Amino acid sequence: MIDLDQDSEKEENRGSTRRISTKSGKTGRNREFAVITYLFLAIFLILIAYFIYFQVFRSEEVINSPYNARADLYAEHVVRGDIVSSDGEVLAETVVGSDGTESRNYPYGDMFAHAVGYVNNGKSGIESQANFRLLRSHSFFLVQIMNDIRDEKNQGDTVVSTLDYRIQKAAYDALGNQDGAVVVLEPSTGKILAMVSKPDFDPNTLEEQWDSIVSDEDSSVLLNRATQGLYPPGSTFKIVTALEYIRENGVNNNFTFDCEGSVEADGQVIHCYNNSVHGQEDFKTAFAKSCNSAFATIGLDLNLKKYASLADDMLFNKNLPTSLTTNKSRFSLGTDASTGEIMQTAIGQGKTLVTPLHMAMIAGAVDNGGVVMKPYIIDRIENDGGIAIRNYKPSEYGSIISEKEAGILQELMEGVVSEGTASALSGQSYDAAGKTGSAEYDEQGHSHGWFVGYGSKDSYEDIAIAVIVEKGGSGSSSAVPVAKKVFDTYFNTKS
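Letter 279 of the sequence shown, counting from 1, is numbered 279 in the UniProt record's numbering, and no numbers are missing.
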């Protein structure tokens, strides 16, 4: 006998199982669909964030990239704009011939060569940094319409630099026929007022001279020594060494040293410049007289880990916070360094290398209470009617030393002028402070001359400066006179 009720119950259970299985399958598929949806949404949001990042934070870099084909398209419709100094001097312009041919003209030739740059055989300087801006036109729209009707090009926008013609000329003339570099900036803003690099070139004839210039590897004429030249800092690095010593020992540390012209430790001998004997010194005097023997001895007592950390804080081994093309300054001193390496590093020799721009930034930070402002060389963009299209504002990088430490270094650097190796800057209509350096660059003891520092005067913005004279010998005799001419021009003739 067949139990129909039992069979019916089994069938009902199987149907229920199928319904549960079907429902479970749908739930699984819905979950997979949701995961895929969220995944694509996440990818979409990441792409949006990526594009926003480049549009907001790296737009200048992207639009000025040599691989950006848009620039070539603009060049077909726009006459490349002018580059001018902050005081209105035309530094680069496009001359249009009667036949419509265009040529780039640099009225001041090699004076602004590295700062303004060139536009043939590649691009450099402001010509490269502001390439896209120079090929945009914000002329009055009716003028643009008429030019389009006549099939004529529009005038490109004008780039107004932060460069001051008078300061640039003073630095250029003061450096004369010597190779080296000068950087002048405002510590409170980061504006670059002058940037000179020698040997230089005439951008008006660069195309004709190109082959001979690039084949001359010894001179490196195209290298902007102000931002890319790497030099041993010599005694200018005693600013860093002095600060680390003060951090570890305090300001009132009763430091005394009897300088006999040289010092020996573990068979390593360090000489003062020209074997000068400085006699009994306190810390301030040792800094002012730039006593190598004292600072080599100081170096041996430093905590090397903290010393390296301070160098990192002061932007060594880092990209400088600027849109300019620069090289990293280098500091390398491990905790296992030898006695000789420590002594050499403490006086700015050894493996330490710096750029003049970096040293100007350090001097500026000392003057500015420890705060570094990001260096910049473009002040604003104007259309051909002189109306500002975009303004570039000062931007703070941050404090690399405390305000108190900056005050201590100010006092030390003032002593270099009042009673030390930069006494030629004393007794002027302005106040100056700084540090000289004689940086050896070969086994024979030949040296480059350095001066880094700043000047101030009531009703004037302070300026910071770095000067290096290649093969100049002592900084006192070669670099300080260059700095003095710049200070004199700025503080005595500025309107």
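Even glycine gets a Cβ: it sits at the ideal position worked out from N, Cα and C. The model shown is predicted, which means the values in this text are computed figures rather than measured ones.
- For Arg133, the uninterrupted alpha helix (DSSP H) run begins and ends at Asn131 to Leu134, by DSSP.
- Its chain contains Leu135 as the residues whose beta carbon lies nearer than 6 Å to that of Ala75, once the 5 sequence neighbours on both sides are disregarded; these appear in chain order.
- Inter-segment contact for the segment 177 to 184 and the segment 465 to 477 is present: three or more beta-carbon pairs are separated by less than 8 Å.
- Distances from the alpha-carbon of Asn121 to those of Arg104, Ser438 and Gly398 put Arg104 closest.
- In this structure the segment 327 to 345 touches the segment 260 to 278; the number of beta carbon pairs closer than 8 Å is three or more.
- Going by DSSP, Asp379 is part of the beta strand (DSSP E) stretching over Ile378 to Glu382.
- Rounded to the nearest angstrom, the Cβ distance from Ser235 to Lys435 is 7 Å, consistent with a contact under 8 Å.
- Secondary structure in the segment 74 to 125: the beta strand (DSSP E) runs of 3 residues or longer, each lying completely within the stretch, are 90 to 96 and 102 to 105 in chain order.
- Distance from the CA atom of Ile408 to the CA atom of Ala422, rounded to whole angstroms, is 18 Å.
- For Ala360, the CB contacts under 7 Å within the same chain, skipping 5 residues up- and downstream, are Val183, Leu185, Val452, Ala464, Ile465 and Ala466 in chain order.
- In the three-state reduction of the DSSP assignment, Met195 falls in the strand class.
- Beta bridge pairing from DSSP links Asp258 with Gln280.
- Residue pairing of Asp431 in beta bridges, as defined by DSSP: Ser456.
- A direct Cα-Cα distance of roughly 6 Å separates Pro394 from Gly190.
- Secondary structure note for Val221: it is in no beta strand (DSSP E), with a DSSP letter that is neither H nor E.
- From the listed residues Gly445, Ala433 and Lys471, the smallest Cα separation to Lys484 is found for Ala433.
- According to DSSP, residue pairing for Val467 in a beta bridge involves Val182 and Phe451.
- For Met314, no alpha helix (DSSP H) run applies, since DSSP gives it neither H nor E.
- In the DSSP assignment, Arg390 falls within the beta strand (DSSP E) that extends over Ala388 to Asn391.
- Look at Glu443 here: in three-state DSSP terms it is coil, with no helix or strand label.
- Taking the CA atoms as reference points, Thr158 sits about 25 Å from Leu222.
- Judged by DSSP in its simplified three-state form, Asn292 adopts helix.
- The beta carbon of Thr322 sits closer than 7 Å to the beta carbons of Lys374, Pro375 and Tyr376 from its chain, once the five residues preceding and following it are set aside; these are given in chain order.
- Between Gly348 and Ala439, the C-beta spacing is below 8 Å.
- Burial of Gly472 is indicated by the presence of at least 16 other C-beta atoms within 10 angstroms of its C-beta.
- For Asn368, same chain residues with a beta-carbon under 7 Å away, outside a window of 5 residues either side, are Pro187 and Ser188 in chain order.
- For Thr436, the pairing in a beta bridge is given by DSSP as Phe451.
- Cβ contact annotation for Leu412 (same chain, cutoff 7 Å, sequence separation greater than five): Ala242, Lys284 and Phe287, in chain order.
- A Cβ-Cβ distance of about 6 Å is found for the pair Leu353 and Ser329, placing them in contact under the 8 Å criterion.
- Rounded to whole angstroms, the gap between the alpha carbons of His446 and Ala194 is 28 Å.
- Arg330 sits in a strand when the DSSP states are folded into three classes.
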